[in-house]
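Numbering-wise (our numbering), the sequence shown opens with residue 891 and increments by one.
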Amino acid sequence: MATSSEIHLELVELSGHVVAKGAWSATLRADCLYQSAHLAKPGRRCRLLQGTQEITPFTPSAALDLSLGTCIQVVWLSSSSADTRPYSLAFVAIKANGSVVTWGEPACGGDSSAVAPLLTEGVVEVCGTAGAFAAIKLEGSVVTWGSAGHGGDSCAVCSTSDAGRCPSL
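As structure tokens, then:
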């Protein structure tokens, strides 16, 4: 049972799997949260999110919502898209606010205007191929753009509820 100088906190993956939980000191430092997450998957990079706010190792504890039953999402990251793309004619960056900016060869994903309204917030990771990108969003959805032959059109696998989110390319 947590005392008044402790808070109950859970680090949870997007899948719902609990990475760490327990009673933490009320003087919690954000870098301690990262250490706990990294113990679950050593060597993997992650981002910690509380609602729409990203928690960095330098986030002051006063900026965290440490109310009873606080849940912090752990998003595991793979290598950056720049590291995994075999040949890049287009580039993508995730901005601090979770939006995406693209540039380069339009047919290879440098033009994301067809899906731009879906990339204004909540993007946690972007993966790419030689001619397309896929953005993974906080709520679990995926947005794709670029060459259809390289994976830029995922409408064939969209669920009925996502049909309005799939642009006609």
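Cβ coordinates follow ideal geometry from the N, Cα and C atoms, glycine included.
Being a predicted model, the structure only gives us computed values, none of them experimental.
Contacting residues, own chain, Cβ-Cβ under 7 Å from residue i (five flanking each side not counted)
i, result
"Val-1047", "none"
"Pro-1114", "The structure shown does not extend to residue 1114, since the chain spans only 891 to 1059, so no value can be given for it."
Closest by C-alpha distance to residue i, when choosing among the options
i, options, result
"Ala-952", "Pro-1007, Ala-920, Thr-942", "Ala-920"
"Ala-997", "Phe-948, Ile-984, Val-1014, Ala-1020", "Ala-1020"
"Lys-985", "Gly-912, Glu-1015, Lys-931", "Glu-1015"
"Lys-931", "Thr-946, Pro-947, His-907", "His-907"
"Cys-961", "Gln-940, Glu-944, Thr-949, Phe-948", "Gln-940"
"His-928", "Thr-949, Val-902, Pro-950", "Val-902"
"Ala-1004", "Trp-914, Thr-946, Cys-1045, Leu-954", "Cys-1045"
"Trp-914", "Ser-926, Val-1013, Leu-904", "Ser-926"
"Leu-904", "Gly-912, Cys-936, Thr-917", "Cys-936"
Beta-carbon proximity of residue i to residue j, cut-off 9 Å
i, j, result
"Glu-1011", "Ser-989", "yes"
"Ser-1037", "Ala-1024", "no"
"Val-965", "Leu-938", "yes"
"Gly-1018", "Gly-1039", "no"
"Leu-979", "Gly-994", "yes"
"Leu-1028", "Gln-963", "yes"
Limits of the unbroken alpha helix (DSSP H) element including residue i
i, result
"Leu-929", "920-930"
Residue range of the unbroken beta strand (DSSP E) whose run includes residue i
i, result
"Ala-983", "980-984"
"Val-908", "908-915"
"Arg-1060", "What the structure shows of the chain is the stretch from 891 to 1059, and residue 1060 is not part of that stretch, so it cannot be assessed."
"Val-1013", "1013-1018"
Close Cβ partners of residue i (< 8 Å) along its chain, the five nearest in sequence each way excluded
i, result
"Asp-955", "Gln-940, Gly-941"
"Phe-981", "Ala-972, Thr-992, Trp-993, Gly-994, Gly-1000"
"Asn-987", "Glu-1011"
Cut-off 6 Å between Cβ atoms - residues of its own chain near residue i, not counting five sequence neighbours on either side
i, result
"Ala-910", "Leu-901, Ser-926"
"Ala-983", "Val-991"
"Gly-912", "none"
"Gly-1042", "Ala-1022, Thr-1034, Trp-1035, Gly-1036"
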